[in-house]
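A.B. asks: The listed protein sequences derive, respectively, from chains A and B.
Numbered per the numbering used here, the first sequence finishes at 365, counting up by one with no gaps.
Numbered per the numbering used here, the second sequence finishes at 365, counting up by one with no gaps.
Encoded as structure tokens, here's the structure I'll be asking about.
2 protein chains.
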Amino acid sequence: MKKRAIRTVYDIAEAAGVSVATVSRVLNKHPNVSAKTRERVLEFMRESEFRPNANARRLVAGGTEQACFLLSNRHVAHSFHSRILMGVEDYFQHVGGHVVFTTIEYGPDAEFPNDALPRIIRQRGDINGLLLAGVNHPCFLKYVDRLHIPYVLFGNNLVTGLLELPKKNSVSFDEVAGAHHATVFLSELGHRRITFIGDLSKPWYRRRYEGYRTAMGTRASPESAIDIRNEESAFELGRKAVPLLVAKHPDTTAVLAQDDETACGILDGFRRLGIRVPQDISIVGYDDITEIQYLHPALTTVRVPKEKIGWSMAELLSRTREGRHALMPEVIGTELIVRDSCAKFMVKSVSVK
Amino acid sequence: MKKRAIRTVYDIAEAAGVSVATVSRVLNKHPNVSAKTRERVLEFMRESEFRPNANARRLVAGGTEQACFLLSNRHVAHSFHSRILMGVEDYFQHVGGHVVFTTIEYGPDAEFPNDALPRIIRQRGDINGLLLAGVNHPCFLKYVDRLHIPYVLFGNNLVTGLLELPKKNSVSFDEVAGAHHATVFLSELGHRRITFIGDLSKPWYRRRYEGYRTAMGTRASPESAIDIRNEESAFELGRKAVPLLVAKHPDTTAVLAQDDETACGILDGFRRLGIRVPQDISIVGYDDITEIQYLHPALTTVRVPKEKIGWSMAELLSRTREGRHALMPEVIGTELIVRDSCAKFMVKSVSVK
DNA sequence: GTTTCGAATGAAACCGGTTTCTCAATCACT
DNA sequence: AGTGATTGAGAAACCGGTTTCATTCGAAAC
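Dropping the structure here:
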């Protein structure tokens, strides 16, 4: 008659002729167990391929080493987000925790709790913290506050009327400085007429515009940006911006795009008009997403350290949990990646060939 | 004096003047609770923002609605994998479960269990199933078998000496048929000399080659493929293949690349030599990864339904759990996406301009 | 040789739910 | 009105660990 498989500490205890308390001590590497007892217990565990029940452990421990990466209103197939996730997962791998990956979609005026909410948020004890990535609205943050669960927000894509980055529980990168840097780079190549192309209704693009504007100084007039709103995709926005650029700012010699996808659209628009990059016009993107890696010409862009953002978010979450108090926001720098889409200014201007 | 926050069913029971059993019944929508009792309990729950302890629930339930998406030896920043993850997450959202996302790196001869193994695998009860994505080796599968945990494998990227797809517990897509289809498409455009470029040491690329070969029929000689192995990246492989192609198969008018990244490298190689696509030569990729979306010319390719694969894997896992027996593998079809990188054959051949 | 202390171990309480069993109250039907 | 079936609700066991507390035992201290 086959013996019942060993599943619990009780089974181990019985087999080894000790109490469950001792088995538990062995499991948790408690020092007060004699070497020979420990060895015997371990032996039984090994031979029965015993794996402790995680739920029972957590029930008594009162917590979990598990956080939730919640991607709001965005798709993880977009490398920007999956790379943040990667940083998060790296950190948890590092400290021995887990990440539950979930997504949610909601509007700016959604009410919470609601049915769109993943179950994991509704229960207590599933997770010890929340990492809010993607695009978020204040209505959801208000709800998360009420949950009394530690959380860290990806600060750049919070939709508010303000330009400042969120002050607490958040990790952001310095969008203004990145755009400033890119603009200075173009200036130093000799460009005077630099046009920003983007959707200024979005705070994150607006911040990039601000960086651009301060770098431009007196050269920037309110009209020096091409501001297209409510476009279905950034690529489309870029494409549509090109005819406007040619019409309104024909003397432009360099473009700073709100992001890489927009730059791709602009590139496409240029190609249709026979405008060559970088010979006729220079262009700088923003984000350094994976999707541009095979582009020709290779796009000069402002690299956002996505993995680092993820890692920092996870790290800040841990610190928040320990400190039990809201910590200062972390702001991460960007890096200008110079590739082939920019050239020195050589007395030319946008023109249809 | 402030009352202690309500945290448990006992608190609710006391506040509502009922027993915990009743509270539990309300929580689980058990029918045998009178309307007014139920309402009173719900009222207390609402006002105290009660959220049940998930660990306690799972302890008694003996399981979890949580599976683990384990990405082996690959990076989630690659859209191929993040889109499979997306399909998985969609499914779990649909059925109300969770996905823990983890990665692991190991060699073909790794021994298990080992320290690289995520904690989640070592404990029992954390997850109710395993979704094995990325590139896997038999050594790991053997270990997972011993775990007695339901699992589903992404079948295409299992490293074996064989060409067949795994027979059980797996979801795959039909690589052979996809390559066959692409090759027929090129033939119908009038191309006779079609060259396959790839690394034939990898079973998954080998399968694509097989599809190509059968479609070519008698036209395919053993030399009709450019087989480059041990390249650090597929892009580099593609780039290096171009000079070989020009040297060995100068009469080639169309290329089937092992995957999209390789196609990008080939495209780059062509550009360096002044060979125009599709005017001088046609090219078809494979996978339809997100990274090619901004390419010019837009790449014709074999689309692999990544989200669908993820969804099917998750679904199969559920069925496996219920049925308690290994199910037949699922094989998913591909779709040829015709874009701009192929043209009708017009009596030309590869030549340096 | 007794006292004292720390190490090793077991018994039992506990974590926060679910579920079975039991029983009282209500309802349907003859 | 009497009987059996059904419904509503509580007491207690249970899920599988961890932890506190008490106890035993041997070694060191006096």
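Backbone N, C-alpha and C define an ideal beta-carbon position, used for all residues, glycine too.
1) Residues of chain B with CB closer than 8 Å to the CB of E101 of chain A, please, in chain order.
2) Do the CB positions of V316 of chain A and L348 of chain A come within less than 7 Å of each other?
3) Please report how far the alpha carbon of I96 of chain B lies from the alpha carbon of Y103 of chain B, in whole angstroms.
4) For V156 of chain B, name the three-state secondary structure that DSSP assigns.
5) Taking the alpha helix (DSSP H) that V32 of chain A belongs to, which residues open and close that run?
6) Please classify R251 of chain B as buried or exposed, where buried requires at least 16 other C-beta atoms within 10 Å of its C-beta.
7) Leaving out five residues on either side along the sequence, give the residues of the same chain with a beta carbon under 6 Å from the beta carbon of G297 of chain B.
8) Interface residues of chain A around C276 of chain B at Cβ under 9 Å?
9) If we ignore side chains and look at the alpha-carbon of each, how far apart do P120 of chain A and A33 of chain B end up?
10) Would you call S353 of chain B buried or exposed, if buried means 16 or more other Cβ atoms sit within 10 Å of its Cβ?
11) For R204 of chain B, collect the residues of the same chain with a Cβ closer than 8 Å to its Cβ; drop the 5 residues on either side in sequence, then sort them by chain order.
12) State yes or no: is the C-beta of V164 of chain B within less than 7 Å of the C-beta of M325 of chain B?
13) With 16 other CB atoms within 10 Å as the buried threshold, where does L144 of chain B fall?
14) Return the CA-CA distance between G137 of chain A and G167 of chain A, expressed in angstroms with no decimal places.
15) What number of angstroms, rounded off, separates the C-alpha of I238 of chain B from the C-alpha of Y217 of chain B?
16) Assign S361 of chain A to one of three DSSP states: helix, strand, or coil.
17) Do E319 of chain A and G141 of chain A come within 7 Å of each other at the CB atom, strictly closer than that value?
18) Please report the distance separating the alpha-carbon of L83 of chain B from that of I116 of chain B.
19) Are the region 128-137 of chain A and the region 57-66 of chain B touching by the rule of at least three beta carbon pairs closer than 8 Å?
20) So, helix, strand or coil for G210 of chain A, using DSSP?
21) Assign D263 of chain B to one of two classes, buried (16 or more other C-beta atoms within 10 Å of its C-beta) or exposed (fewer than that).
22) Return the residues of the region 71-84 of chain A that lie within a Cβ-Cβ distance of less than 7 Å from chain B, sorted by chain order.
23) Within the 7 Å Cβ cut-off, does N65 of chain B reach chain A?
24) Does any CB atom of chain A fall closer than 7 Å to the CB of G202 of chain B?
25) Which first and last residues belong to the alpha helix (DSSP H) in which C276 of chain B is found?
26) Please state if the CB of G108 of chain A and the CB of R220 of chain B are separated by a distance shorter than 7 Å.
27) Can you name the residues of chain B whose CB is closer than 7 Å to the CB of G108 of chain A?
28) Considering only residues of the region 104-156 of chain A, which uninterrupted alpha helix (DSSP H) runs meet the minimum length of 4 residues and lie entirely inside it, listed in chain order?
29) Kindly indicate if chain A contains any beta-carbon less than 7 Å away from that of M98 of chain B.
30) With a threshold of 7 Å between beta carbons, is T302 of chain A in contact with chain B?
31) Candidates B:E123, B:G345, B:D23 and B:A355: which alpha carbon is nearest V188 of chain B's?
32) With E248 of chain B as the anchor, note down where its beta strand (DSSP E) starts and where it stops.
33) Tell me whether I24 of chain B sits in a helix, a strand or coil according to DSSP, three-state version.
34) Strictly under 7 Å for the Cβ-Cβ distance: is K365 of chain B near chain A by that measure?
35) Measure the alpha-carbon distance for S94 of chain A versus T114 of chain A and round it to whole angstroms.
36) Using a 10 Å radius around the Cβ and a threshold of 16 neighbouring Cβ atoms, would you call T172 of chain B buried or exposed?
C.D. replies: Walking through what the data contain:
1) V88, F113, T114 and T115
2) no
3) 11 Å
4) helix
5) V32 to L39
6) buried
7) A269, D272, A275, L311 and T313
8) Q305 and Y306
9) 40 Å
10) buried
11) R231, T265 and F357
12) yes
13) buried
14) 26 Å
15) 12 Å
16) Bear in mind that the predicted position of S361 of chain A carries a pLDDT of just 45, short of 50, making it unreliable; the figure below should be weighed with that in mind. In the structure shown, S361 of chain A sits in coil (DSSP, three-state: anything other than H, G, I, E or B).
17) no
18) 6 Å
19) yes
20) strand
21) exposed
22) L71
23) yes
24) no
25) D272 to L285
26) no
27) R131
28) 131-134
29) yes
30) yes
31) B:G345
32) E248 of chain B -> not in any beta strand (DSSP E); alpha helix (DSSP H) instead, spanning A246 to K260.
33) helix
34) Its pLDDT being 42, under 50, K365 of chain B is placed unreliably by the model, and the measurement read from it follows with that caveat. No, because no Cβ of chain A sits closer than 7 Å to the Cβ of K365 of chain B.
35) 12 Å
36) exposed
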